[in-house]
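Visitor:
There are 2 protein chains.
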Amino acid sequence: MTEPASYTETEERIFEAALHVFARKGKDGARMQEIADTAGINKAMLHYYFRSKDKLYEAVFAFVFRHYMDTFGAPIRDTATFEETLRTFIDGFIDAVKDNLDVVRLMVNENLSGGHVMGAQIKEAMMSMESMKPQRFVEKLTAAIASGEVRPVDPKQTLLSVISCCHYFLITLPTVCIMNPEATQDLDAYIEQRKAHIFDLVYCGLKPRADETA
Amino acid sequence: MTEPASYTETEERIFEAALHVFARKGKDGARMQEIADTAGINKAMLHYYFRSKDKLYEAVFAFVFRHYMDTFGAPIRDTATFEETLRTFIDGFIDAVKDNLDVVRLMVNENLSGGHVMGAQIKEAMMSMESMKPQRFVEKLTAAIASGEVRPVDPKQTLLSVISCCHYFLITLPTVCIMNPEATQDLDAYIEQRKAHIFDLVYCGLKPRADETA
DNA sequence: GTCTATATCTCGATAGAC
DNA sequence: GTCTATCGAGATATAGAC
Numbered sequence: 004m005t006e007p008a009s010y011t012e013t014e015e016r017i018f019e020a021a022l023h024v025f026a027r028k029g030k031d032g033a034r035m036q037e038i039a040d041t042a043g044i045n046k047a048m049l050h051y052y053f054r055s056k057d058k059l060y061e062a063v064f065a066f067v068f069r070h071y072m073d074t075f076g077a078p079i080r081d082t083a084t085f086e087e088t089l090r091t092f093i094d095g096f097i098d099a100v101k102d103n104l105d106v107v108r109l110m111v112n113e114n115l116s117g118g119h120v121m122g123a124q125i126k127e128a129m130m131s132m133e134s135m136k137p138q139r140f141v142e143k144l145t146a147a148i149a150s151g152e153v154r155p156v157d158p159k160q161t162l163l164s165v166i167s168c169c170h171y172f173l174i175t176l177p178t179v180c181i182m183n184p185e186a187t188q189d190l191d192a193y194i195e196q197r198k199a200h201i202f203d204l205v206y207c208g209l210k211p212r213a214d215e216t217a
Numbered sequence: 004m005t006e007p008a009s010y011t012e013t014e015e016r017i018f019e020a021a022l023h024v025f026a027r028k029g030k031d032g033a034r035m036q037e038i039a040d041t042a043g044i045n046k047a048m049l050h051y052y053f054r055s056k057d058k059l060y061e062a063v064f065a066f067v068f069r070h071y072m073d074t075f076g077a078p079i080r081d082t083a084t085f086e087e088t089l090r091t092f093i094d095g096f097i098d099a100v101k102d103n104l105d106v107v108r109l110m111v112n113e114n115l116s117g118g119h120v121m122g123a124q125i126k127e128a129m130m131s132m133e134s135m136k137p138q139r140f141v142e143k144l145t146a147a148i149a150s151g152e153v154r155p156v157d158p159k160q161t162l163l164s165v166i167s168c169c170h171y172f173l174i175t176l177p178t179v180c181i182m183n184p185e186a187t188q189d190l191d192a193y194i195e196q197r198k199a200h201i202f203d204l205v206y207c208g209l210k211p212r213a214d215e216t217a
């Protein structure tokens with residue numbers, strides 16, 4: 004799978020439209036006509052640029068995956084304490100997810116239907132991304148455990164829990180809005196409230212306790 | 004939307020097959036032929052029993068939603084401390100999700116594509132389910148805060164975080180298995196490990212601290 | 001109730017004019 | 001590069017024999 008280093012303006016508009024449709028309907032449920040309409044171009048042009056639906060799906064996934072991994076979350080600074088690291092990570096992560104909801108939807112859809120396209124992407128990405136944000140988070144957490152700032156926990160399990168808390172409520176937003184009417188009225192306020200809750204719950208869950216041995 | 008109180012054996016076999024396909028492909032991506040093949044019946048029979056794809060989707064969703072809500076999770080006993088309640092809830096919830104993964108996949112798919120069918124179901128279900136498990140969890144947590152067993156937190160936010168941790172890793176299982184090879188080799192062991200981690204993280208996050216005022 | 005055959009429509013993909 | 005027109009496969013849905 005060779006990928007061009009850059010795409011034309013039209014191709015990126017197609018990616019944007021394809022992402023929107025694939026994210027909601029999945030690969031099989033998406034319609035080329037709907038993607039073309041959303042992109043404001045002719046349906047034949049989709050095939051001119053990307054030959055087939057399969058190729059378009061793979062191309063948009065690869066593009067989005069790289070872009071997503073590059074820009075996700077605030078940078079994790081080396082000078083921060085783990086408390087700062089955690090707060091910054093949750094804050095930046097949720098902001099990034101909120102601004103790229105379709106990317107997360109696309110990836111969830113991939114997992115629901117087997118995750119084969121994504122699997123190939125992940126393996127390819129592993130090679131060229133030593134400084135991946137989640138990996139850095141695990142490193143910082145491991146260091147914090149060693150220094151005693153955080154009690155001994157499984158770092159990968161903890162990362163998974165934090166990501167779960169940050170992703171899940173946005174994935175299931177329609178349901179969350181039904182259960183929490185205030186989220187419908189002012190989503191941004193609800194998101195800030197949720198950020199604060201996640202940090203509070205997780206950081207309290209990680210701090211060493213006076214009444215326990217480390 | 005009037006629903007029969009019970010279905011025939013054939014109809015329930017169709018539900019099982021439809022759930023399997025709809026959960027993975029979504030409503031638009033699913034194929035009636037594949038559902039018929041999975042159920043081991045003729046494609047024409049699907050239309051004989053459920054007129055159209057739309058009606059089948061609504062019927063299977065309503066059926067599954069009721070069944071899911073009735074049987075989900077271990078009963079929350081009134082005699083338990085909140086520590087026991089939490090452990091029992093996480094344990095029973097994850098077991099139920101593991102045994103009904105397609106149900107969760109179907110609901111996530113619904114949310115990804117707008118959640119309109121599910122929205123109608125939830126509103127209908129709210130009326131007849133005062134003893135819904137999640138609602139009972141919130142009540143127990145609220146009581147535990149009042150009694151001082153748990154520090155003051157937002158109960159609904161906490162419930163959402165617990166559900167996130169229990170659902171998310173199973174929804175994204177293909178990705179989780181790539182990141183954690185040991186989960187591929189022995190999934191049940193990984194699930195037990197995850198149960199223990201979630202309880203540990205959340206319960207430590209909820210326990211009052213000696214160095215803080217309640 | 002269950003099947004085969006088929007009508008009708010929609011989708012992905014291409015041909016060919018411009 | 002962009003469009004219209006269209007082909008052929010495959011989808012939903014139905015008709016009608018058994």
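In the order they appear, the protein sequences are chains F and S. Per the numbering used here, the very first residue in the first sequence carries number 4; after that it's consecutive. Per the numbering used here, the very first residue in the second sequence carries number 4; after that it's consecutive. Even for Gly, the Cβ is constructed at its ideal location relative to N, Cα and C.
1) For the putative contact between F:Val-205 and S:Leu-204, defined by C-beta atoms under 8 Å, what is the C-beta separation to the nearest angstrom?
2) State buried or exposed for S:His-119, treating a residue as buried only when at least 16 other CB atoms are found within 10 Å of its CB.
3) Would you mind giving the Cβ-Cβ distance between S:Lys-56 and F:Gly-32, rounded to the nearest angstrom? I have them listed as a contact below 8 Å.
4) Would you kindly report the start and end of the unbroken alpha helix (DSSP H) that includes F:Met-120?
5) If I measure Cβ to Cβ from S:Leu-115 and keep anything under 6 Å in the same chain, skipping five residues before and after, which residues do I get?
6) Compute the Euclidean distance between the alpha carbons of S:Thr-11 and S:His-50, then round it to the nearest angstrom.
7) Roughly how many whole angstroms lie between the Cα atoms of F:Val-107 and S:Val-156?
8) Would you say the stretch 65-83 of chain F touches the stretch 171-181 of chain F, given that touching needs at least three Cβ pairs under 8 Å?
9) Flag F:Asp-40 as yes if its beta-carbon sits less than 8 Å from any beta-carbon of chain S, otherwise no.
10) Roughly how many angstroms separate the alpha carbons of F:Arg-154 and F:Leu-162, rounded to a whole number?
11) Please report the straight-line C-alpha distance between F:Glu-61 and S:Asn-183, rounded to a whole angstrom.
12) Determine the chain F residues that contact S:Val-153 at a beta-carbon separation under 9 Å, and present them in chain order.
13) Can you tell me which of S:Ala-20, S:Phe-64, S:Val-24 and S:Asp-98 puts its alpha carbon nearest to the alpha carbon of S:Ile-44?
14) Please classify F:Phe-66: does DSSP put it in a helix, a strand, or coil?
15) Less than 8 Å separating the beta-carbons of S:Lys-136 and S:Ile-194?
16) For F:Gly-29, return the contacting residues in chain S, with the cut-off set at a CB-CB distance below 9 Å.
17) May I ask you to report which of helix, strand or coil DSSP gives F:Tyr-10?
18) Which runs of the alpha helix (DSSP H) fall wholly inside the stretch 179-204 of chain F and span at least 4 residues, in chain order?
19) Going by DSSP, what residue range makes up the alpha helix (DSSP H) through F:Arg-108?
20) Tell me which residues share the same chain as F:Ile-201 and place their Cβ nearer than 6 Å to its Cβ, disregarding the 5 neighbours each side in the sequence.
21) Taking 8 Å as the CB-CB cut-off, is S:Val-205 touching chain F?
22) Is S:Phe-18 helix, strand or coil when you go by DSSP?
23) Just checking: is the beta-carbon of S:Thr-11 within a distance shorter than 8 Å of some beta-carbon in chain F?
24) Under 8 Å, Cβ to Cβ, is there at least one residue of chain S near F:Asp-156?
25) Just the C-alpha distance for F:Lys-58 and S:Ser-9, rounded to the nearest angstrom, thanks.
26) Using a Cβ-Cβ cut-off of 7 Å (strictly less than) and excluding sequence neighbours within five positions of F:Arg-197, which residues of its own chain qualify?
27) Determine the contact status of S:Phe-66 and S:Gln-124, defining contact as a CB-CB distance below 8 Å.
28) Name the chain S residues whose beta carbon is nearer than 8 Å to that of F:Arg-139?
29) State yes or no: is the C-beta of F:Asn-112 within less than 8 Å of the C-beta of F:Ala-26?
Guide: According to the structure shown:
1) 7 Å
2) exposed
3) Rounded, the Cβ-Cβ distance is 12 Å, inconsistent with contact.
4) With the sequence shown as reference, residue 120 of chain F is identified as Val, and Met is not the correct amino acid for it. Taken as a continuous stretch (DSSP letters only), the alpha helix (DSSP H) holding F:Val-120 covers 119-131.
5) none
6) 16 Å
7) 28 Å
8) no
9) no
10) Take the alpha-carbon of F:Arg-154 and the one of F:Leu-162: they are about 15 Å apart.
11) 24 Å
12) Result: empty, since nearest Cβ-Cβ is about 11 Å, beyond 9 Å.
13) S:Ala-20
14) helix
15) no
16) Arg-27, Lys-28, Gly-29, Asp-31, Gly-32, Asn-112, Leu-115 and Ser-116
17) coil
18) Positions of the alpha helix (DSSP H) runs, each at least 4 residues long and wholly inside the stretch 179-204 of chain F, are given as 184-188 in order along the chain.
19) 104-115
20) Ile-93 and Cys-168
21) yes
22) helix
23) no
24) Per the sequence presented here, residue 156 of chain F reads as Val, with Asp not at that position. Yes, because at least one Cβ of chain S sits closer than 8 Å to the Cβ of F:Val-156.
25) 45 Å
26) For F:Arg-197, where only same-chain residues beyond five positions count, the Cβ hits under 7 Å are Phe-172.
27) no
28) Those do not exist, as F:Arg-139 stays about 15 Å from chain S at its closest Cβ, beyond 8 Å.
29) Contact flag set, yes.
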